[in-house]
Amino acid sequence: MDKMDNMKKNAIIFDLDGTLWDAAETIAPAWNVYLESRGLSLRMTPDDCRACCGKTLTEIAAMLFPDAEPAWREGVIEGCCDAECIPLAKTGGRLYPGLETVLEALRKDYFLAVVSNCGLGYIESFFSGNHTGQFFDDYENAARTGLSKGENIRLVMERNGIEQAVYVGDTEGDQRAARQAGIPFIHASYGYGQVSGADFTVRQVTELPVILDKPWFFSYNNHNIVG
């Protein structure tokens with residue numbers, strides 16, 4: 108990742124799954140190999156994995172193993188997350204069309220970061236498997252800090268001296284995180300979730316530069332957030 112230019116005080120902070128990539132086709136078989144190694148009957152489809160995206164590891168564990176002891180089920184999910192990072196770090200996931208071109212253009216003028224509720228190593232796998240680390244100035248996740256997504260957004264902003272930012276995500280949880288952080292929300296409607304009341308909506312990632320290129324965007328939207 109590049110060192111931030113001192114002039115880049117406006118930030119675009121991204122969710123990962125359903126916003127920058129769809130890695131479910133790689134994740135599902137990795138989880139299933141691990142689950143089988145634990146002697147468990149549960150098997151995941153790519154759509155099952157997509158349904159887990161945006162949730163914390165604790166929430167995923169409770170959803171998949173509602174009757175199990177919390178420490179045990181969370182350990183299983185942590186094992187699944189470790190397993191998925193191995194193939195993702197090598198071959199990556201499916202980037203949304205036009206993403207690399209968009210990121211290359213945005214990084215010239217904006218501080219770019221990723222904030223996700225994912226496990227340890229997951230964002231790093233996105234960087235290495237898809238060669239995307241060059242585009243981003245910082246990243247954070249719930250597994251590393253123990254904080255909510257909204258708190259992690261603020262953490263990234265504060266430690267980098269960011270004055271104004273926008274969060275781009277695909278779920279209601281992402282919108283709540285943006286509200287918690289006190290910044291505008293752009294809904295990536297091409298992703299996994301449905302959202303009502305977003306400040307802006309993009310139907311494909313290539314629409315982002317059009318919205319963000321408005322000279323009034325940050326000055327207006329950071330003081331007129333839809334609640």
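In this text, residue positions in the sequence shown follow our numbering: the first is 108, and each later residue adds one. Note that CB positions come from ideal geometry on N, CA and C, so glycine has one too.
Quiz item: Nearest to Ala-212 by alpha carbon, out of Phe-324, Phe-325, Thr-313?
Solution: Thr-313
Practice problem: For the alpha helix (DSSP H) holding Leu-262, just list the boundary residues, first then last. | Solution: 256-266
Quiz item: Taking only runs of the beta strand (DSSP E) that begin and end inside the segment 114-172, which ones reach a length of at least 3 residues, in chain order?
Solution: 117-121
Quiz prompt | 6 Å CB neighbourhood of Thr-163 in its chain, flanking five on each side removed | solution = Asn-224, Ala-249
Quiz item: Does the distance from the C-beta atom of Tyr-229 to that of Gly-186 stay below 7 Å?
Solution: no
Self-check item: Reduced DSSP category for Pro-230 - H, G, I as helix; E, B as strand; rest coil
Solution: Note on identity: in this sequence residue 230 is Ile, with Pro being the wrong assignment. Correct three-state label for Ile-230: helix.
Self-check item: Among Leu-262, Gly-253, Trp-138, Gln-287, the one whose alpha carbon lies nearest that of Pro-153
Solution: Trp-138
Quiz prompt | DSSP bridge partner residues for Val-222 (one or two, in chain order) | solution = Glu-247
Self-check item: Local conformation of Gly-276 per DSSP, three classes
Solution: strand
Exercise. Just the C-alpha distance for Phe-242 and Gly-226, rounded to the nearest angstrom, thanks.
Key: 21 Å
Quiz item: Can you name, in chain order, every residue of its own chain whose Cβ lies under 6 Å from the Cβ of Cys-156, other than the five neighbours on each side?
Solution: Ala-131, Ile-134, Ala-135
Quiz prompt | Cβ neighbour criterion (16 or more within 10 Å) applied to Gly-334 | solution = For Gly-334, the predicted structure reports a pLDDT of 37, less than 50, and the residue's modelled location is therefore unreliable. A value from the coordinates is still provided. Looking at its Cβ environment, which holds fewer than 16 other Cβ atoms inside 10 Å, Gly-334 is exposed.
Exercise. Look at Gly-74 and Thr-278 and say whether their C-beta atoms are less than 7 Å apart.
Key: Summary: the structure shown does not reach residue 74, with the chain confined to residues 108 through 334, and so no result is reported for it.
Self-check item: Secondary structure of Arg-310, DSSP reduced to three states
Solution: coil
Quiz item: Buried or exposed: where does Gln-282 fall if 16 or more other Cβ atoms within 10 Å of its Cβ makes it buried?
Solution: buried
Quiz item: DSSP state of Ile-290, grouped into three classes?
Solution: coil
Self-check item: Assigned secondary structure, Arg-214 (DSSP; H/G/I helix, E/B strand, else coil)
Solution: coil
Exercise. Measure how close the beta-carbons of Val-221 and Leu-123 come, nearest whole angstrom, since I'm counting them as under 8 Å.
Key: 6 Å
Quiz item: Shortest alpha-carbon distance to Phe-325 belongs to which of Gly-146, Ile-269, Ala-178, Thr-198?
Solution: Ile-269
Practice problem: Identify, in the order they occur along the chain, each residue of the same chain with its Cβ nearer than 8 Å to the Cβ of Arg-145, setting aside the five sequence neighbours on each side. | Solution: Val-183, Gly-186
Quiz item: Sorted by chain position, which residues of the same chain lie with C-beta nearer than 7 Å to Ala-305's C-beta, five sequence neighbours on each side aside?
Solution: Gln-282, Phe-292, Ile-293, His-294
Practice problem: With DSSP as the reference, label Gln-271 as helix, strand or coil. | Solution: strand
Exercise. Return the CA-CA distance between Cys-159 and Ile-167, expressed in angstroms with no decimal places.
Key: 6 Å
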